[in-house]
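Numbering-wise (our numbering), the sequence shown opens with residue 40 and increments by one.
Glycine residues also receive a C-beta, built at the ideal position from the N, C-alpha and C atoms.
These notes concern the structure reproduced below.
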Amino acid sequence: GKGDQGRVISPGLPCRGALLCAAVLFNSPVFLALAGDGGQAEGCVWELRLMEPRTQRELLDVPLSPGDPTFSLSYTHSVFHTEVVSEYQVREGGIVQVRETFTDPGYGMESSPDDVKGRLEQIDGRLRMELERPIPNLVVRVQRAQNNRITGLESMDLSQLLGDGPIAIRPTRICSPEG
């Protein structure tokens with residue numbers, strides 16, 4: 040985890056005394072996410088913490104661009120074997136899905152570029168749907184056969200790094216000691 044690097048004190052530490060409790064609270068990812076400025080304060084950036092959903096064990100941190108805290112998840116559709124890319128933004132400590140791009144309108148996908156809300160358009164042979172979908176609890180089931188990738192500042196093969204199984208994705212605000 041990041042606690043050993045001095046950037047985040049684990050909220051799981053026992054509180055013994057008001058000073059230690061305050062240090063744990065004010066350095067916790069939850070407090071930092073709710074602290075106000077959306078992570079854009081000088082010296083602060085957003086990254087994604089990937090965790091085992093049941094135990095909350097930290098698995099991997101994914102850095103995001105300091106000025107544009109966005110990321111994407113991509114996978115191979117299990118029926119049509121085509122790529123699906125979902126794009127997200129971190130906003131005020133939460134995750135919002137802003138776009139999904141795919142080739143074939145298969146199971147679980149929009150089926151017509153003539154949608155009534157006008158969110159779906161065809162670009163270069165692919166369908167792109169603009170969204171504004173808050174995701175309060177993002178959990179992804181990683182499967183080697185689906186080529187799950189996450190892309191922040193760099194692209195990472197999730198099944199190669201973490202193996203098959205569920206992962207929870209949580210935004211975490213990181214501030215340098217000066218920020």
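Query raised in the report: Buried or exposed: where does Pro210 fall if 16 or more other Cβ atoms within 10 Å of its Cβ makes it buried?
Result: Here residue 210 is taken as the residue at index 171 of the sequence shown, counted from 1. When all chains shown are included, Pro210 counts as buried.
Query - Start and end residues, beta strand (DSSP E) containing Leu166 - result: Stepping through the sequence shown from its first residue, residue 166 is reached at position 127. Looking at the DSSP string, the run of the beta strand (DSSP E) that includes Leu166 is 165-174.
Query raised in the report: Can you tell which of Tyr127, Glu122, Asp107, Cys214 has the C-alpha that lies nearest to the C-alpha of Pro175?
Result: Within the sequence shown, residue 175 is the residue found at index 136, counting from 1. For the set Tyr127, Glu122, Asp107, Cys214, the Cα lying nearest the Cα of Pro175 is the one of Tyr127.
Query - Option in Ala207, Cys214, Ser117 with minimal Cα separation from Thr94 - result: The residue labelled residue 94 in the question sits at position 55 within the sequence shown. It is Ala207 whose Cα lies nearest to the Cα of Thr94.
**Report entry** Strand pairing of Gln161, partner residues [DSSP]
**Finding:** Within the sequence shown, the letter at position 122 stands for residue 161. Partner(s): Leu166.
**Report entry** Proximity of Leu251 and Val179 at Cβ, strictly below 8 angstroms
**Finding:** Not covered by the structure: residue 251. The range shown for the chain is 40 to 218.
Query - Beta-carbon contacts of Leu177 that lie in its chain and below 6 angstroms, excluding the five residues immediately before and after - result: Working through the sequence shown from its first residue, we reach residue 177 at position 138. Cβ within range, chain order: Ile134, Ile208.
Query - Thr115 versus Pro102 - alpha carbon distance - result: Within the sequence shown, the letter at position 76 stands for residue 115. Within the sequence shown, the letter at position 63 stands for residue 102. Here the alpha carbons of Pro102 and Thr115 stand approximately 23 angstroms from one another.
Query raised in the report: To the nearest angstrom, how far is it from the Cα of Gln136 to the Cα of Gly191?
Result: Counted from its first residue, the sequence shown places residue 136 at position 97. Counted from its first residue, the sequence shown places residue 191 at position 152. The C-alpha of Gly191 is placed about 14 angstroms away from the C-alpha of Gln136.
Report task. State buried or exposed for Gln161, treating a residue as buried only when at least 16 other CB atoms are found within 10 Å of its CB. Result -> As a working note, residue 161 is residue 122 in the sequence shown. Counting every other CB atom within 10 Å of its CB across the protein chains shown gives Gln161 a total below 16, marking it as exposed.
Query raised in the report: When burial is assigned at 16 or more other CB atoms within 10 Å of the CB, is Gly82 buried or exposed?
Result: For the purposes of this step, residue 82 is taken as residue 43 along the sequence shown, with counting starting at 1. Counting every other CB atom within 10 Å of its CB across the protein chains shown gives Gly82 a total below 16, marking it as exposed.
Query - Unbroken beta strand (DSSP E) run spanning Gln136, endpoints - result: Position 97 of the sequence shown, counted from the start, is the residue given in the question as residue 136. Bounds of the beta strand (DSSP E) holding Gln136 are 133-141.
Query - Phe110 - partner residues in DSSP beta bridges - result: The residue given as residue 110 occupies position 71 in the sequence shown. Under the DSSP definition of a beta bridge, Phe110 partners with Tyr127.
Report task. Helix, strand or coil for Arg96, going by three-state DSSP, please let me know. Result -> Here residue 96 refers to the residue found at position 57 when the sequence shown is read from its first residue. Coil, per DSSP.
Requested in this report: Kindly indicate the opening and closing residues of the beta strand (DSSP E) around Leu87.
Outcome: By 1-based counting over the sequence shown, the position of residue 87 is 48. That run of the beta strand (DSSP E) goes 83-90.
Query - Residues near Pro173 in its chain [Cβ-Cβ closer than 7 angstroms; skip 5 each side] - result: For this step, residue 173 is matched to residue 134 along the sequence shown. Result list for Pro173: Gly133, Val135, in chain order.
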